């Protein structure tokens, strides 16, 4: 059965992401984004057609989706790191 991301339980590692881990994610994602931008301009200069062009478009679209997902995850981790433990919606009795 499929569940959406909001219904998953948050693990302790996700609740308290260390600044070093967050910085590592940002550095890795920034590097991947730079390589993707470089690859886009390199591939744009190719004069490909037919199945080769379709394959390149599919691979670049998948890389773009991975990049967007990675930046969204970084944003989520950063906002989780800024929240206080009382903001997590725990027992308020």
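Residue numbers (our numbering): 2 to 94.
Note that CB positions come from ideal geometry on N, CA and C, so glycine has one too.
The structure displayed is predicted, hence computed values, not measured ones.
Going by other Cβ atoms of all chains shown within 10 Å of its Cβ, with 16 needed for buried, is residue i buried or exposed?
i          : result
residue 80 : exposed
Residue i by DSSP, collapsed to three states: which one?
i          : result
residue 1  : Nothing can be reported for residue 1: it is not among the residues displayed for the chain, which extend from 2 to 94.
residue 32 : helix
residue 49 : coil
residue 76 : helix
Report yes if the C-beta of residue i is less than 7 Å from at least one heavy atom of the ligand ADP; otherwise report no.
i          : result
residue 36 : What this structure holds is no ligand at all, so the ligand ADP is not there to describe.
Among the candidates the options, whose CA atom is the shortest distance from the CA of residue i?
i          : options    : result
residue 59 : 72, 44, 73 : 44
residue 61 : 38, 20, 19 : 38
residue 76 : 27, 57, 19 : 27
residue 64 : 21, 19, 41 : 41
Mind reading off the beta-carbon distance from residue i to residue j? Whole number of angstroms is fine, and I expect it under 8 Å.
i          : j          : result
residue 82 : residue 23 : 6 Å
residue 72 : residue 30 : 6 Å
- Message: Check whether the segment 56 to 73 and the segment 32 to 40 are in contact - that is, three or more C-beta pairs closer than 8 Å.
- Response: Because the criterion of three Cβ pairs below 8 Å is met, the segment 56 to 73 and the segment 32 to 40 touch.
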